[in-house]
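J.: Quick one: the structure is below, and I'll ask about it shortly.
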Amino acid sequence: MANIFVRYFGLFKETIKEFANDNVVKLSASLAYNTIFAIGPFLLVIISLTGLFFEQKAVTGRMFYQIQTLIGKQGAEQILSIIQNMQQQNAAARFGIIGIVVLVIGATSMFADIQDSINYIWSIKAKPKKGWLKYLKNRLLSFSLIVGLGFLFIVTLLINTISDALTDRLQHLFADEAVIFFKVFNVALLFVIISLLFGVIYKVLPDARIRWKDAMKGAWFTGVLFLIGKFLIGFYLGNSRIGNTYGAAASIIIILSWVYYTSIILYFGAEFTKVYALKMGAGIEPYDTAVFILKREAKEMPEVKKVTG
74 MANIFVRYFG LFKETIKEFA NDNVVKLSAS LAYNTIFAIG PFLLVIISLT GLFFEQKAVT
134 GRMFYQIQTL IGKQGAEQIL SIIQNMQQQN AAARFGIIGI VVLVIGATSM FADIQDSINY
194 IWSIKAKPKK GWLKYLKNRL LSFSLIVGLG FLFIVTLLIN TISDALTDRL QHLFADEAVI
254 FFKVFNVALL FVIISLLFGV IYKVLPDARI RWKDAMKGAW FTGVLFLIGK FLIGFYLGNS
314 RIGNTYGAAA SIIIILSWVY YTSIILYFGA EFTKVYALKM GAGIEPYDTA VFILKREAKE
374 MPEVKKVTG
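With the working numbering applied, the sequence shown has no gaps in its numbers, which climb one by one up to 382 at the end.
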């Protein structure tokens, strides 16, 4: 037991070192900025997909509730306003093929940013040849993840519907015990879903081969960090009085802050996944369309041609 603790403490220590070396805070800030423009199209696609199986108002209401539990009422209302404005614009413009393409590109840009960042964290770089094919492949991959998220959201809606019905019945029989049980159940469900999502991201998005076992080890670790971070970020945003400081811009700042801190957790998990795979797993290998890159310091610049004029 002590030996296992020492090994994992060493992994955690190495992860922190790699986290600092890769300047992950900067990568997280970049993702937070891009998400502001991508979150509307992303959620609109999710709502449209889920709306094929459920009434769209019910889907939007459930999504608002889920977002509110993460970032608070003010931020959730801002996101809902963005979605409603986009829906009105799309309806007015008679959403055609061009509009759908623009919507998909906007929705997938967030995952494209995540892919580039994890590639860098894992010291991977895609080869520049046939760049347009790589671009199309990445967008299709990102869109498939969005479809997968839509499916997960459908499953979550079904489970929550059943859970709510059972809660109402059980509360008549076991009032306090039922509430505690379903609170624990919802946390466990969130942990499983978010860990599976992290696992898919670490396995599928990077231009590298990694075993599912290694990817899921990192995903479970990141899932635990996410649950802890969800509580801490929520506590911070709820007590920081951002509304008094930023006024009308407070809702955007809340969204930026939440995505920023969540991105740090995602990329810290990517660092841990890399360290675990290299130290205790089967390693990481770039695809044929990618190569390893070296990130190291140098005491002097390499010899280059003199610039004139």
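Cβ coordinates follow ideal geometry from the N, Cα and C atoms, glycine included. Being a predicted model, the structure only gives us computed values, none of them experimental.
(1) Look at the alpha carbon of Leu-143 and the alpha carbon of Lys-303, and state the distance between them as a whole number of angstroms.
(2) Tell me the rounded alpha-carbon separation between Asp-95 and Leu-367.
(3) Quick one: is Thr-318 buried, meaning 16 or more other Cβ sit within 10 Å of its Cβ, or exposed?
(4) Rounding to the nearest angstrom, what Cα-Cα distance links Phe-184 and Gln-161 in this structure?
(5) Which residues in the same chain as Ala-111 place their Cβ atom closer than 7 Å to its Cβ, once the five residues preceding and following it in sequence are excluded?
(6) Determine, using beta-carbon pairs with one atom in the stretch 120 to 131 and one in the stretch 189 to 201, whether at least three such pairs fall under 8 Å.
(7) Since I believe Ile-156 is in contact with Leu-117 (beta carbons under 8 Å), could you give me their beta-carbon distance rounded to a whole number of angstroms?
(8) I'd like the list of long-range same chain contacts for Ala-355, defined as Cβ closer than 7 Å, with 5 residues on each side in sequence excluded.
(9) Decide if Phe-365 is buried, meaning its Cβ has at least 16 other Cβ atoms within 10 Å, or exposed.
(10) Please say whether Gly-134 and Ile-328 have beta carbons closer to each other than 9 Å?
(11) DSSP state of Ile-178, grouped into three classes?
(12) So the beta strand (DSSP E) Ala-199 belongs to, where does it begin and stop?
(13) In whole angstroms, what is the alpha-carbon distance linking Ala-281 and Ile-357?
(14) Could you tell me which residues DSSP pairs with Phe-365 in its beta bridges?
T.: To lay it out plainly:
(1) The straight-line gap separating the alpha-carbon atoms of Leu-143 and Lys-303 is approximately 7 Å.
(2) 12 Å
(3) exposed
(4) So the alpha carbons of these two residues sit roughly 25 Å apart.
(5) The residues are Gly-179, Ala-180, Ser-182 and Met-183.
(6) Cβ pair count under 8 Å is below three, so no.
(7) 6 Å
(8) Same-chain partners within the cutoff: Arg-284 and Asp-287.
(9) exposed
(10) no
(11) Helix at Ile-178.
(12) 197 to 199
(13) 6 Å
(14) Ile-197
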